[in-house]
Each structure stands twice: as C-alpha cells, then as structure tokens.
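Asker: Dropping the structure in here first, questions after.
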C-alpha cells in the first residue's frame, strides 16, 4: 500500500535499519512538515491568551521520552549520530509529534556535509521529506544510490525514492525506482510499488487483481510488514476504483497496524466520503492532536450537526493561525480541507489546495483541488489539473467527472 | 492537545512609554533546557514549574536581548504564570523594559531553544504606535528590527532633522567650537590691533565664509562615515574635537594656525563631521531608511547651526563696540572655552581603553 489519501511522502519507508522487515515501527505516517522562513505576516492575530496563576498540585503535562535530546553534540561517530537521529525520526512518526524533527535537524547541524555517511544521508533525506523539502531529499537519495554503499541502504533509498516520486505524481521516475527495487528486494512491497504506479496511470484494474492474487499466495509466508503494506495498497486502489471491498481492505490494513496514523486517516476519510460519520468519529477519537485526523473529525462532526463542532473548530483555527504566523504553511492540504468543508471559505481553500497540489499529487490532493476549484469557480486551474490527469490516464472515483 | 512544532511566543508592546514584553515558552520545551521534572516521573506539576521559576526567567533573559540606540535594555520581571497555546501549557513571564536614556527598544535578538531544536521559531507580535508587526525568528534569522518598519519617509526625515538640531544645540562641543570661530568676526578691531576698521558687510561675509566652510567640511565626513566609506576610531575623534576647540580659542591670540579662520573651520569641520556621524549611526541603527535619515540629520545640524549664529552673532556684534568686550570679555571667553575643552580632552583621553 503506498499511500492513498494523505501520503505526505515522508510516510513510508522501511526505516534506517538494515533490513526492510525491520521497518515496521518506522512506517507510521501522519507527519508534518514545517519550513519556516522569516516572514512578516500581514494580517491581524488575536490577543494573547491570558496569563493565569499556576495551580500547584495539578499535573501540567506528561513528558515524552526526551532522553535522546541532550547530548547530540557529544556523538563521536557517524553511527552514534545516525542512531540518535533515527530514534528521533521514529518518535516523530509514531507520535505524529514534529518537535522530534527539530531535534533531528539540530543533530545534523553537528555533521558537515563532507562527513555524512550514506546512512546519515538517507536519514537526512527522510527528514527532508517530512519537512516537504522534496528536492533536497531527492538529492540525498541520489547520492546514496549512485555511490558505492551498503546494498541494504541502497534498497531503502530506492524505496523512499519510489514513494516520493509517486506522491509527487512523477510516475515515470517512480516506475524506474520500483524496477530497481525489484532486482534487489522482490516481494509484496516491491509488488505494491509497481501496483500503485500502474493504478495511477490507467491500469488500476490490472494492478489490483495482480497484487490481490500475489497477496493471497504470500499470506502464509510473508512477514507482517509486507502484508500490511500490500493491504494498504489494495485499500488505496480499491478506493480509487470505488470497489465494494474497499472498506474491508481499510479495516484489514488498520487491524494489522492500529498505530499507523496514515491508514487511520485514509480510512476515516473513506468513511466521511461514504456518509458514515459516526464511524469516522470513533476512528478519530483520541487523535485530535494530529492535524489531519482532527480536520477529518471536524468534518464528521459537521455531517452529524454535532454541537461539539464549535469547540473543535476554535481549536483548529488557533492551530492554523499559529502555523500561519510561523510562516510555514505546513499542512496546506489539511487547512484547505478545513476551509472548504468546515469553514465554507472556497476562495481561501482554493489558494491552499492549489499550493499543495504544486508539490503533492496523491488522489486526495487532486480530488481536493478539483473540488476547491469548482467551489471557487476557477476554471483555468481545473483545466490544468484535468489535462495533467488525462496525460497520465489517471481515473479515480473521487473525481468521476474527470473520468475519460 | 495538538502536536505541533516548537514555537516561543513573544508579545512586545511599545504603544506606550512604558514598554513591556511577554514571553511564553512551552513547558514541554522548557523541560529540555532547565531542570523541571525534579522527581523524574515524566510529569511536570504546577509546583515543579513554580520551583523552576528563577531558572526559567534566567534562561529567558539570557536568550532574549532588546536594545536601543543607547545600548542594551534591562528587563524587569513584572508578572509570572502560565498560559495555554494550541499545544498545551506554557510558562509565561512579563517584563517591563528599561532602555538607557529613556530610549525605545529598536532591535530584538532571539535565541531561545535553538540550541536543542533547529525548527524552533520565535513568533514575535509587536504592537507599536503605527500598528502591529508580526515576525517569525529562526536560527538563521534571529534578529528583528523594531523601528522604521512602517514609518513613512517624511516621518523619518522629520525625526532625524529634529535629532540633528538637538544634537548640535545640546552637543556643547560643537556649539563652543562655533562660538570661538565666530568671535573674530564680532571684533570691530582685530584682536591683534592690526589693520583698520571693517564694515558690517565685510563682517557678515567673513561670518558666512566661516560657517559655510565648517558646514561643507563636516557634511563631507558625515556622509563618508554614515555610508561606512570611512570609519575612524570614534574615541580619538572625540579627543581631537575637544582639542580643536582649545586650539581655535588659543589661535585668537596666538595665531599658530594662521589668521584665515575659514581654513581652520574647514579643517576641524572635517573632524566634527565624524563626531556627528557616530551619533547618527547610533540613532539610525533601527531604520532601513538610512539615506533619508542622513539627509534629515545633516539638514537638522545646519539649521541648528544657523539658528545659533543668527541668535548669538548680533548680540556679540553689538557688544563688540565696547572696549570691555574686546579687551576683557573675549580673552576671558577664549580662556574659559580653552580650559573646558582641554578638560574634556583630558577626560576623554583618560577614558580610552587600555592599549
């Protein structure tokens, strides 16, 4: 399952470990991004929240494990640094907490470019992916791939690259990466890689059937990571085709890894689009700290006319306001979705959806820009997207009016 | 509570004469830089946060610097407590800002938390008389210029014009130097008793020549220094300025530097220009409109100078008809001025940093 709904490219890669199978824990999604530039914003922000007395007895927060943060400067060898950085990236993935990306970035500051080993380069590519610095990520992956290094590292680099290219809609490049992967690591993950590219380029039916058959055959002997990967990809293609078994596929994928924030969001989105907001609420319960799940939850609350929506809307607005102040419009897709489906502001939604579509072209990104351009009456943008889809023979049930 | 990247919130209020600043840092972030979780149970309680108050405020004060044209400003604690942003509890500290000589902070330098988190950002909201300014500071761009951002050009020009007038009038060394320069033109007879009487018209021409020479000279060096083309050591410039006054005064009686006062005015004017420039560079550090500031300041200096001459010259000229003025007042003035100037020179020399 490469990504379906929100696959920021950072989502999946099999980790910086030695084998792909070791990557299960690293495969979380839900990440965040954030490139902040110095910026002086123009619009006005709310007054600062009030200063209150500190309640002596109350527990203010539970701290995550921060033991790794101190001491980044004391790492003597590239291996020590890589272990530390990998732990940060892993914490960022499994918790959806972007502060760990900042600690990873800080750790890289201790290592000048000339001293980066292939493993550090690959970790930096992964970090840059999470920060939506796709070109930087690609450059680092190219270095790992084109220089003599550990074959396992190269395999991982090809897989991250395949994912990155697929998410950005560069299917020719993605296909090359999947093929490279094939010669090094045949199996369900490689088959998923090819299936997704095929599905995005007009051969969804064939892709689904082949991957489905292969998954069935491999069920008994494949590792759990590979099976979860294939199930996610099948769910993704089933959603693209509006197959009746899409829901069961999402449920299977989630059951294989309930901590996978990406699958959770993709399934919640599916539920919302199929008018099952109650189930979407259950699925997003307790995940409000993750932006995309919180936005999906607010849409479900709106579908249900639930009075709890007002409070969540306020919190989301505060979050997006802080993010805008920061100057990085990180979750452009989430913000656009929120503006379009909750705030009824198609103009603003279009702006962010369009910016998002410049770098990320998963079907969910494409569906959003098509809906936003229709709502905001932007026929030119719509035409650009349609032409792009036509050139790739991409068809998707989420934008049936664009079916060829 | 949301997960988000780390931000520090800074609210700077410069709408009133009493400037204040408030800094909110996430408890989660503070746990990385001060000892918060004393019992190591992975929880931070209100009591633990209060206990760390001194450490936290010390941390904030070392990582946040406000400065004005006159130097670094002092923060004085005003309020302490907690607040909430979208990702949870924050420690919040409010300070009064005391800048030297009652100036307004013009630069904010932020480097909190960058040592542990390269994606940390300082989110600055500044309320000024001209409105609101928002910024996001990062490790690569950690300094914010607070003044001039929204100031119209004419305002900058007017402000610096006034500064120029004020600096000339209140900067006694320039006033004294000018006074000594115009003294010869107030004497109906040359102090040396040579040559015959000169007419008022000739006196005025002489005066115009002296003032113009001084103006042209200090304008040249002011521009050169303000545009960073020449950067002489300001401590020595200040000493030479003091000596120039004494020399000019002594030259009235012992014309070691010649009788052509305008030449004297031009020569020392060059030095005085550097003195003006050092004041201007301090004042203009917060503005991006340097050229406008320079023009305003220079014209302000000239206006101040002309006003002074217009007020003082007629007075001295009228007194010039009295023998007492010529015989006693002028030598007395010259002596007093020389004494003051030499005292300044000595004082400034003593204040030089050890070599």
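Residue numbers (our numbering), protein chains in the order written: chain C, -8 to 395; chain S, 2 to 356.
We put the beta carbon where it would ideally sit given N, CA and C, even for glycine.
#1: Do you know offhand how far residue 83 of chain S's Cα is from residue 128 of chain S's?
#2: Within 8 Å (strictly less), CB to CB, does residue 82 of chain S reach chain C?
#3: Evaluate the contact criterion for the segment 326 to 343 of chain C versus the segment 277 to 296 of chain C: three or more CB pairs, one atom per stretch, below 8 Å.
#4: Between residue 251 of chain C and residue 282 of chain C, which are expected to be in contact by the criterion C-beta below 8 Å, what is the C-beta distance as a whole number of angstroms?
#5: In angstroms, rounded to a whole number, what distance separates the CA positions of residue 5 of chain S and residue 86 of chain C?
#6: Mind listing the chain C neighbours of residue 38 of chain S? Cutoff is C-beta to C-beta under 8 Å, in chain order.
#7: Taking residue 100 of chain C as the reference, give the member of S:101, S:120, S:45, S:304 with the closest Cα.
#8: Could you give the DSSP three-state label for residue 73 of chain S: helix, strand or coil?
#9: So residue 46 of chain S contacts chain C; which residues on that side make the cut at Cβ distance below 8 Å?
#10: Compare the C-beta of residue 219 of chain S against all C-beta atoms of chain C and say whether one is closer than 8 Å.
#11: When the distance is taken between beta carbons, is residue 142 of chain S closer than 8 Å to residue 108 of chain S?
#12: Where does residue 261 of chain C land, buried or exposed, given buried means 16+ other C-beta within 10 angstroms?
#13: Counting only the same chain and skipping the five closest in sequence on each side, list residues whose C-beta sits under 8 Å from that of residue 130 of chain S.
#14: Grouping DSSP H, G and I as helix and E and B as strand, with all else coil, what is residue 388 of chain C?
#15: Take the Cβ of residue 96 of chain C as the centre, count every other Cβ of all protein chains shown within 10 Å, and call the residue buried at 16 or more, exposed below.
#16: Along the chain, where does the alpha helix (DSSP H) containing residue 1 of chain S start, and where does it finish?
#17: Given a threshold of 16 other Cβ atoms within 10 Å of its Cβ, counted over all protein chains shown, does residue 56 of chain C qualify as buried or as exposed?
#18: When we look at the beta-carbon of residue 95 of chain S and count the other beta-carbons within 10 Å, is it buried (16 or more) or exposed?
#19: Between S:307, S:292, S:210, which lies nearest to residue 267 of chain S when the distance is taken from Cα to Cα?
#20: Residue 85 of chain S versus chain B: which residues are under 7 Å apart at the beta carbon?
#21: How about residue 43 of chain S: is its C-beta nearer than 8 Å to some C-beta of chain C?
#22: Give a yes or no on whether 8 Å exceeds the smallest Cβ distance from residue 96 of chain C to chain S.
#23: Let's test the definition: count the other Cβ atoms within 10 Å of the Cβ of residue 337 of chain S and tell me whether it reaches 16, buried, or not, exposed.
#24: Are three or more beta carbon pairs between the segment 53 to 60 of chain S and the segment 76 to 93 of chain S nearer than 8 Å?
#25: Threshold first: 4 residues or longer. Then list the alpha helix (DSSP H) segments lying entirely within the segment 196 to 267 of chain S, N to C.
#26: Is DSSP giving residue 323 of chain S helix, strand or coil here?
#27: Check whether the Cβ of residue 282 of chain C lies closer than 8 Å to any Cβ atom in chain S.
#28: At which residue ranges does the segment 4 to 80 of chain S contain complete alpha helix (DSSP H) runs of 4 or more residues, listed in the order of the chain?
#29: Along the chain, which unbroken stretches of the beta strand (DSSP E) at least 3 residues long are found entirely within the segment 86 to 160 of chain C?
#30: Residue 119 of chain S touches chain C at which residues, Cβ-Cβ below 7 Å?
#31: Can you give me the start and stop residues for the beta strand (DSSP E) that residue 110 of chain S sits inside?
#32: Relative to the alpha-carbon of residue 352 of chain S, which residue among S:276, S:43, S:239 has its alpha-carbon at the smallest distance?
#33: Using C-beta distances below 7 Å, list every residue in its chain close to residue 164 of chain S, excluding the 5 sequence neighbours before and after it, in chain order.
#34: Is residue 18 of chain C helix, strand or coil by DSSP?
#35: Would residue 149 of chain S pass as an interface residue toward chain C - the criterion being a Cβ-Cβ separation below 8 Å?
#36: Below 7 Å on C-beta distance, what does residue 309 of chain C contact in chain S?
Answerer: For this structure:
#1: Straight-line Cα distance between these residues: approximately 22 Å.
#2: yes
#3: Taking a cut-off of 8 Å on C-beta distances, the segment 326 to 343 of chain C touches the segment 277 to 296 of chain C, as three or more cross pairs fall below it.
#4: At roughly 16 Å, the Cβ-Cβ gap does not stay under 8 Å, so residue 251 of chain C and residue 282 of chain C are not in contact.
#5: 11 Å
#6: Around residue 38 of chain S, the beta-carbon contacts reaching into chain C at under 8 Å are 54.
#7: S:120
#8: strand
#9: 47, 48, 49, 50, 51
#10: no
#11: no
#12: buried
#13: 15, 16
#14: coil
#15: buried
#16: No answer is possible for residue 1 of chain S: the residues shown for chain S start at 2 and end at 356.
#17: exposed
#18: buried
#19: S:210
#20: Looking for chain B here will not work: the only protein chains present are C and S.
#21: yes
#22: Residue 96 of chain C counts as touching chain S.
#23: The residue is exposed, with fewer than 16 neighbouring Cβ atoms inside 10 Å.
#24: yes
#25: List check, alpha helix (DSSP H) in window: 201 to 227, 235 to 252.
#26: coil
#27: yes
#28: 28 to 34, 47 to 52, 54 to 64
#29: If we require 3 residues or more, the segment 86 to 160 of chain C turns out to have no beta strand (DSSP E) run fully inside it.
#30: 93, 96, 97, 100
#31: 108 to 111
#32: Here the closest residue by C-alpha is S:239.
#33: Excluding positions up to five away in sequence, the list reads 284, 298, 301.
#34: Reliability fails at residue 18 of chain C, whose pLDDT of 31 lies under 50, so the model's placement of it is uncertain and no value is given.
#35: The pLDDT assigned to residue 149 of chain S is 48, lower than 50, so where the model puts this residue is not dependable; a value taken from the coordinates is nonetheless given after this. It does not: the Cβ of residue 149 of chain S has no partner Cβ on chain C nearer than 8 Å.
#36: 87
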